[in-house]
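Residues 42 to 347 in the numbering used here are what the sequence shown spells out, letter by letter.
Contents: one structure, followed by commentary.
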Amino acid sequence: MDRLRGLECFRKIAERGSFAAAARDLNMSPGAITKQINALEDMLGVQLIARTTRRLSLTEAGETYLSRVATILDDMDDANETVRDLGHGPRGCVRIAAPTSFGVLKLAPVIGRLLNAHPDLSVDLVLDDRFSDIIDEGFDIALRVSETLADSSLMARRICSYSRVLVASPAYLAKNGPVSTPHDLLAHDCIIFSSAQRTGLWHFTNPVDGDELSVEVSGRYRVNSSLAMRDVLVEGSGITLTPRLVVEDLIARGDLVCLLAEYLPRCLNLFALSAPHRHKLRKIRTVTDFLANELRMENRDHAPNN
42 MDRLRGLECF RKIAERGSFA AAARDLNMSP GAITKQINAL EDMLGVQLIA RTTRRLSLTE
102 AGETYLSRVA TILDDMDDAN ETVRDLGHGP RGCVRIAAPT SFGVLKLAPV IGRLLNAHPD
162 LSVDLVLDDR FSDIIDEGFD IALRVSETLA DSSLMARRIC SYSRVLVASP AYLAKNGPVS
222 TPHDLLAHDC IIFSSAQRTG LWHFTNPVDG DELSVEVSGR YRVNSSLAMR DVLVEGSGIT
282 LTPRLVVEDL IARGDLVCLL AEYLPRCLNL FALSAPHRHK LRKIRTVTDF LANELRMENR
342 DHAPNN
């Protein structure tokens, strides 16, 4: 048997959860990939994968073997890329998933600079406000904007943070009255970002004692894209809590005004996620480092002033 190919097949099956999906990813027939696994198990003298008609799972031996094999394959991939890239820059395609609003407003210009700086790299950028399955959908990097991250096996790197502002139009405030404290929001029509970790729960810092205040707001408009809030806000249809980067031009023009500036809301963090067995690859490290440097610099140059 081709031992290296057998190891690659084994890890891919563990990632994808099926022989058929692994075969498609590796451009092999199901029969060929089954033959590789059978040969690997025969060589080791243990069963690595427990198969039933409905599902498969790794045996205890398989789990142990995978943890050791993954490191070996990662090191080999990294060594191969390093040797290929000697005298050259990183190369290949990096597939990135990112939220739509962030991708349009902040990421796209950075990608342009990345491509200019690294002519042998290409980028496949997919903008979607749902949380993509990195491994199952074949992404190298997923960028997520959230307060915190749920526990997972993915490798996570915090890139930077973005401030949020509570905003409404002058027309809305003239019609519905002022907002003096976060608890006043309970009587207002709030526009809710439906892809948040807990929708409608907004957190602020009390300027008197520094404690956190939380209010669970409601409203008639829920939407999973921050960009789709803009026109509704300008039309005077509600109040929202949103990243400043989404509305900073509307604030500058006077179309929207900031509310409760002394009650600082929680910031959002930008995280770069990658699969454990791929985050060391040179092209992925290069892209992540470039995005981190550029976005952090831009964030410092455009520090918010409430």
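Built from N, CA and C at the ideal position, the CB exists for glycine as well.
Label R171 either buried or exposed according to how many other C-beta atoms from any shown protein chain fall within 10 Å of its C-beta, with 16 as the threshold for buried. Counting from 1 along the sequence shown, the entry for residue 171 is found at position 130. By the neighbour-count criterion, in which a residue is buried when 16 or more other Cβ atoms sit within 10 angstroms of its Cβ, R171 is exposed.
Span of the beta strand (DSSP E) around C201: Here residue 201 refers to the residue found at position 160 of the sequence shown. First-last of the beta strand (DSSP E) with C201: 196-203.
Have a look at R96, P306, P317, L309 and flag the residue whose alpha-carbon is nearest the alpha-carbon of R52. Indexing the sequence shown from 1 puts residue 52 at position 11. Checked all of R96, P306, P317, L309; the closest Cα to R52 is P317.
Taking the beta carbon of I280 as the centre, do at least 16 other beta carbons fall within 10 Å, making it buried, or is it exposed? Looking up residue 280 in the sequence shown gives position 239. Looking at its Cβ environment, which holds 16 or more other Cβ atoms inside 10 Å, I280 is buried.
Is there contact between the region 270-279 and the region 298-318, where contact requires at least three CB pairs shorter than 8 Å? No, the region 270-279 is not in contact with the region 298-318.
Kindly indicate which three-state DSSP category N347 falls into: helix, strand or coil? In the sequence shown, counting from the first residue as 1, residue 347 sits at position 306. With a pLDDT of 40 at N347, under the threshold of 50, the predicted position of this residue should be treated as unreliable, and no value is reported.
Exposed or buried, which one is L85 when buried takes at least 16 other CB atoms within 10 Å? Position 44 of the sequence shown holds residue 85. The residue is exposed, with fewer than 16 neighbouring Cβ atoms inside 10 Å.
Taking only runs that begin and end inside the region 107-161, name each unbroken alpha helix (DSSP H) of 4 or more residues, in chain order. 149-158
Going by other Cβ atoms of all chains shown within 10 Å of its Cβ, with 16 needed for buried, is R319 buried or exposed? Looking up residue 319 in the sequence shown gives position 278. R319 should be labelled buried.
Just mark S267 as buried or exposed, buried being the case when its beta carbon has 16 or more other beta carbons within 10 Å. Position 226 of the sequence shown, counting from 1, holds the residue named residue 267. Looking at its Cβ environment, which holds 16 or more other Cβ atoms inside 10 Å, S267 is buried.
Using only alpha-carbon positions, find the residue among S194, P223, S278, L148 that is nearest to A212. Within the sequence shown, the letter at position 171 stands for residue 212. Residue S278 holds the alpha-carbon nearest to the alpha-carbon of A212 among S194, P223, S278, L148.
Alpha carbons only, please: which of R96, E188, G179 is nearest the one belonging to I137? As a position in the sequence shown, residue 137 is number 96, starting the count at 1. Closest option to I137, Cα to Cα, is G179.
Close beta carbons around S163, own chain, < 6 Å, minus the five adjacent residues each side: Numbered from its first residue, the sequence shown carries residue 163 at position 122. Answer for S163: C134, listed in chain order.
Quick check on L300: does DSSP put it in helix, strand or coil? Position 259 of the sequence shown, counted from the start, is the residue given in the question as residue 300. The answer is strand: DSSP assigns L300 an E or B state.
Please go through the region 262-293 and give each complete alpha helix (DSSP H) segment of 4 or more residues, from N-terminal end onward. 271-275
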